[in-house]
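**Q**
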Amino acid sequence: MTRKGAATLVAEKKKQNNATKVASPKIEIVRKDVKHINLKVKPSGEVILTAPTDSNKRDIEYVLKKRADWIDKKIAFFDAHRDVHEKEYVSGENFCYLGRNYRLKVIECRDLEGVKLRRGYLQVFVKDTANYEKKQRLIKAWQTQKAKRHFQKAIEKYKPIVKQEIETVRIREMKTRWGSCNPSKGYINLNLKLIEKPTECIEYVVFHELAHLVHADHSVKFYNYLNLFMPDWKKRKIRLEK
Ligand SMILES: [Zn+2]
421 MTRKGAATLV
431 AEKKKQNNAT
441 KVASPKIEIV
451 RKDVKHINLK
461 VKPSGEVILT
471 APTDSNKRDI
481 EYVLKKRADW
491 IDKKIAFFDA
501 HRDVHEKEYV
511 SGENFCYLGR
521 NYRLKVIECR
531 DLEGVKLRRG
541 YLQVFVKDTA
551 NYEKKQRLIK
561 AWQTQKAKRH
571 FQKAIEKYKP
581 IVKQEIETVR
591 IREMKTRWGS
601 CNPSKGYINL
611 NLKLIEKPTE
621 CIEYVVFHEL
631 AHLVHADHSV
641 KFYNYLNLFM
651 PDWKKRKIRL
661 EK
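Those letters in the sequence shown? Residues 421 to 662, per this note's numbering, in order.
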């Protein structure tokens with residue numbers, strides 16, 4: 421997956437004779453009563469630039485060029501964390517669970533609706549096989565139930581290392597992060613989507629967040645701590661982001 425760098429784009433835009441069309445990030449320029457030029461990248465990949473009412477084109481281009489790397493990184497990050505396409509919940513569709521692929525099988529049933537993992541299939545038993553919301557709800561409930569169990573397992577494994585009080589663990593649907601931690605309150609949030617990933621990746625995110633209870637920020641001390649208790653965390657991180 422390649423995306424043209426913003427720096428290249430600024431340069432190419434100036435070369436008007438270059439007829440090759442490049443896919444460029446959509447940049448919206450908003451003029452406002454503000455002091456400085458401000459940049460924001462939305463999860464959609466859209467770039468919003470807020471500029472003082474009296475700023476000129478050159479100022480704006482200068483900022484876009486200077487922050488090109490940052491823009492690229494932001495866009496790449498959102499790209500990597502966005503669902504490629506929404507699920508359709510039809511038989512044959514692929515679903516990941518703990519790093520393995522399962523094909524969905526939608527099965528009509530009379531009474532008990534639910535989800536089962538059987539013979540390499542993710543089977544969804546539903547009264548009305550065309551009911552999209554119902555299928556989505558059933559699968560999400562199943563994923564949440566599995567997530568609770570597997571995330572808890574990882575927490576139990578690493579809790580004795582960090583020896584800190586964990587107040588609340590929440591499983592949430594997050595667009596941009598795999599997990600987060602509020603060290604002062606002892607809150608841990610974990611992304612429901614993690615249940616699709618291999619156990620070693622779940623453990624990496626869990627330990628990363630738990631480690632924040634010891635070292636709140638991403639300091640050298642934090643990474644030394646990770647290296648000490650999870651020497652292969654980088655390998656796990658790469659696998660997670662793949
Ligand atoms: Zn962190």
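Idealized CB from N, CA, C, for every residue including glycine.
#1: If we ignore side chains and look at the alpha-carbon of each, how far apart do Ile615 and Gln572 end up?
#2: Leaving aside the five residues before and after Lys574 along the sequence, list all residues of the same chain whose C-beta is less than 7 Å from its C-beta, in chain order.
#3: If you draw a straight line from the alpha carbon of Glu661 to that of Tyr645, how long is it in whole angstroms?
#4: Check whether the segment 625-642 and the segment 588-603 touch, using three or more Cβ-Cβ pairs below 8 Å as the test.
#5: Does DSSP put Lys433 in a helix, in a strand, or in coil?
#6: My parser needs the beta strand (DSSP E) runs of 3 or more residues fully inside the segment 503-569; what are they?
#7: Do the segment 537-556 and the segment 581-591 make contact, defined as three or more Cβ pairs closer than 8 Å?
#8: Here's the rule: buried if 16 or more other CB atoms are within 10 angstroms of the residue's CB, otherwise exposed. What is Arg656?
#9: Which residues have a Cβ closer than 6 Å to any heavy atom of ligand 1, listed in chain order?
#10: What's the C-alpha gap between Lys507 and Arg597?
#11: Nearest by alpha-carbon distance to Leu484: which of Asp474, Phe497, Thr470 and Ala496 is it?
#12: Going along the chain, which residues of its own chain have a beta-carbon closer than 7 Å to the beta-carbon of Ala500, five neighbours each way excluded?
#13: Using DSSP bridges, identify the partner residues of Cys601.
#14: Around the C-beta of Pro651, are 16 or more other C-beta atoms found within 10 angstroms, so that it is buried, or is it exposed?
#15: At the level of alpha carbons, what is the spacing between Asn476 and Arg659?
#16: By a C-beta neighbour count over all protein chains shown, 10 Å radius and 16 as the cutoff for buried, is Pro580 buried or exposed?
#17: When you compare the CB positions of Ser511 and Val526, do they come within less than 7 Å of one another, or not?
#18: Using the beta-carbon count (16 or more within 10 Å), is Asn514 buried or exposed?
#19: Since I believe Leu459 is in contact with Lys487 (beta carbons under 8 Å), could you give me their beta-carbon distance rounded to a whole number of angstroms?
#20: So which of Phe497, Arg523 and Arg530 has the shortest CA-CA distance to Gly540?
#21: Pull up the CB-CB distance for Ile449 and Ile491, whole angstroms please, since I reckon it's below 8 Å.
#22: Leaving out five residues before and five after Asp453 in sequence, what residues of the same chain have Cβ atoms less than 7 Å from its Cβ?
**A** Based on what the coordinates show:
#1: Between the alpha carbons of Ile615 and Gln572 lies a gap of roughly 12 Å.
#2: Note that residue 574 corresponds to Ala in the displayed sequence, not to Lys. Taken in chain order, the residues that qualify are Ile622, Glu623 and Val626.
#3: Their backbone Cα atoms lie some 21 Å apart in a straight line.
#4: The segment 625-642, when compared against the segment 588-603, does touch it at the 8 Å Cβ threshold.
#5: Residue placement at Lys433 cannot be trusted, given a pLDDT of 38 that sits under 50; the coordinates are not used to answer.
#6: Correct list: 514-517, 520-528, 534-538 and 541-546.
#7: Too few Cβ pairs lie closer than 8 Å, so no.
#8: It counts as buried.
#9: That gives His628, His632 and His638.
#10: Approximately 20 Å between the Cα atoms of the pair.
#11: With distances taken between Cα atoms, Leu484 lies closest to Thr470.
#12: Excluding sequence neighbours, Ala500 sits near Glu661.
#13: In the DSSP output, where bridge partners are listed per residue, Cys601 has Ile608.
#14: Exposed is the call here.
#15: So the alpha carbons of these two residues sit roughly 45 Å apart.
#16: Exposed is the call here.
#17: With respect to the 7 Å criterion, Ser511 and Val526 are classified as neighbours on the basis of their beta carbons.
#18: Counting every other CB atom within 10 Å of its CB across the protein chains shown gives Asn514 a total below 16, marking it as exposed.
#19: Residue identity differs from the one stated: residue 487 is Arg in this sequence, not Lys. With a Cβ gap of about 6 Å, Arg487 and Leu459 count as contacting.
#20: Ranking the options by Cα distance to Gly540, first place goes to Arg523.
#21: Wrong, their Cβ atoms sit about 14 Å apart, outside the cutoff.
#22: Leaving aside the five residues that flank Asp453 on each side, the residues in its chain whose CB is nearer than 7 Å to its CB run, in chain order, Thr473.
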